[in-house]
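Under the working numbering, the residues of the sequence shown are numbered 26 to 263, in order. Where is the CB? At the ideal position from N, CA and C, for every residue including glycine. Only one structure is covered here, and it is reproduced in the block below.
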Amino acid sequence: MFNENDAYVQFKLDFMRRAMPAKSAVVYGDIYMVDGGYCRKCLDFGCEDVLLIDTIETVQWQKHRIANPNLDFYKGDFSNPHFMRSFDRRYDIGIVYDILLHQAPLLSTLHLMLEKVGERFCIVQPMLREQSQPNTLVYLPGNPNKALYPVANLDPEFQVFNVKAVNHSHWLWGLTVSFLRAVLEGEGFNIKYEAEFFGHQLTSEWMLWGCIAERTGERNPEHWSSVQPIPGVKHFDW
26 MFNENDAYVQ
36 FKLDFMRRAM
46 PAKSAVVYGD
56 IYMVDGGYCR
66 KCLDFGCEDV
76 LLIDTIETVQ
86 WQKHRIANPN
96 LDFYKGDFSN
106 PHFMRSFDRR
116 YDIGIVYDIL
126 LHQAPLLSTL
136 HLMLEKVGER
146 FCIVQPMLRE
156 QSQPNTLVYL
166 PGNPNKALYP
176 VANLDPEFQV
186 FNVKAVNHSH
196 WLWGLTVSFL
206 RAVLEGEGFN
216 IKYEAEFFGH
226 QLTSEWMLWG
236 CIAERTGERN
246 PEHWSSVQPI
256 PGVKHFDW
């Protein structure tokens, strides 16, 4: 249920307000528990055209979409490059809340999302606090570090990350801000605003954090997504 009185929801909405004005928006994964709530708020904040991309839909979302022709919906997997390249358009802003840590092909999925964004990108989700090495990305399934279990202080018994539970329903990644910042810069985006939400019950290793990243240019031609195999035999003088 989309509850605008919830403090964490208000935290997310603040990022959307700061990212405005915008005429168009693409929102990734906005069905589970919220029935497209952030898409509807994009319209309230002045967007004239809002696209939701998700693999599921609900009756409540269908009612909202029928009632408002400015809401559009593509049902598919935003981590699938064939699906994402089946439509060629950029939206002014992009919104991704609480889903990057569930994406197995993390770099590729984020790249595909950013390709659809022309100006600003809002991210809010649980993040790992900085580790001993900068740009740290931690793979969680099978990780023996009990301190990384995000709600260990709420459970009477510690539950380890299941090494076999590797799908988008589980927490796969612990991202640090320095890691995400570097990835965004490689895609031609710079973080212009960031904030931490303090009203949560996660362990001290985690924080609820968000940012607005602004497109400052196109990705470098040497970016991994631009490198394609070239047919033919190459002659090297090793």
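query, result
"Would you kindly work out how many angstroms separate the C-alpha atoms of V75 and S49, rounded to a whole number?", "6 Å"
"In three-state terms, what does DSSP make of T83?", "coil"
"Name the DSSP bridge partner or partners of T201?", "L153"
"In terms of residues, what are the limits of the beta strand (DSSP E) holding R235?", "Checking the sequence, you will find Gly at residue 235 rather than Arg. Per DSSP, G235 belongs to the beta strand (DSSP E) from W231 to R240."
"Please check the pair P175 and W231, which I expect to be a contact at CB under 8 Å, by giving their CB distance rounded to whole angstroms.", "5 Å"
"Does F261 come out as helix, strand or coil in the three-state DSSP assignment?", "coil"
"Using beta-carbon positions only, say whether F27 and M45 come within less than 9 Å of one another.", "no"
"Taking the alpha-carbon positions, what's the W198 to D117 distance?", "28 Å"
"Determine the burial state of V208: buried for a count of at least 16 other Cβ atoms within 10 Å of its Cβ, exposed for fewer.", "buried"
"Considering only residues of the segment 29–70, which uninterrupted alpha helix (DSSP H) runs meet the minimum length of 4 residues and lie entirely inside it, listed in chain order?", "32–44 and 62–69"
"How many whole angstroms separate the CB atoms of H89 and G119, which I take to be in contact at a CB cut-off of 8 Å?", "With 8 Å as the limit, H89 and G119 do not qualify as a contact, their Cβ atoms being about 20 Å apart."
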